[in-house]
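Participant: Residue numbers (this note's numbering): 179 to 358.
Structure below; questions to follow.
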């Protein structure tokens, strides 16, 4: 039978690994300059890699829990595992986001806004006056440090809820309650 220690160790291990690997990938993106790339395909690729890691670690945690629980798993347990793994990873990601935006690269937000304006300019979707107004509005609405931390935590947790529910439903195996 599963114990709370099994659940706790499984979700902590997988949450720390997911958070650590995600931060390592973010650091690589920063060091290589990919973080400021306007290449759409490269951006899509980095997002797909992140989503793949997210799904893989949540799936691995759910399978580890199921194995430790004698092969049994409910959808609710899958959701719980997905949420907790994602929450741990989100806290690590949020802490890194704050560190990046306040210590490592304090003008990160301004650079991203400038790149966005540059991309919009090349697309020709706005005239010069609209671009200037857009840039000014974006710079005025820079996220606070609290939001910089909470945003990855929130989105990661929501993602963990969804992925945990899907994987939990697929891997569901209830205990037979009709046996004598």
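All C-beta atoms in this analysis are idealised placements derived from N, C-alpha and C, irrespective of residue type, glycine included.
(1) Examine the Cβ distances between the segment 197-205 and the segment 264-283 and report whether three or more of them are shorter than 8 Å.
(2) Cα separation between residue 215 and residue 223?
(3) Taking the alpha-carbon positions, what's the residue 340 to residue 196 distance?
(4) Measuring straight from C-alpha to C-alpha, what distance separates residue 266 and residue 285?
(5) Is the segment 248-267 in contact with the segment 301-319, if contact means three or more CB pairs nearer than 8 Å?
(6) With a 10 Å radius around its C-beta and 16 neighbouring C-beta atoms as the bar for buried, classify residue 258 as buried or exposed.
(7) Go to residue 351, then tell me how far its alpha helix (DSSP H) extends in each direction, as first and last residue.
Facilitator: Considering the structure as presented:
(1) Verdict: yes, contact present.
(2) Rounded to the nearest whole angstrom, the C-alpha separation of residue 215 and residue 223 is 12 Å.
(3) One C-alpha to the other measures close to 17 Å.
(4) C-alpha separation (whole angstroms): 27 Å.
(5) No, the segment 248-267 is not in contact with the segment 301-319.
(6) The C-beta of residue 258 has 16 or more other C-beta atoms within 10 Å across all chains shown, which makes the residue buried.
(7) The continuous stretches of alpha helix (DSSP H) do not include residue 351, and DSSP gives it neither H nor E.
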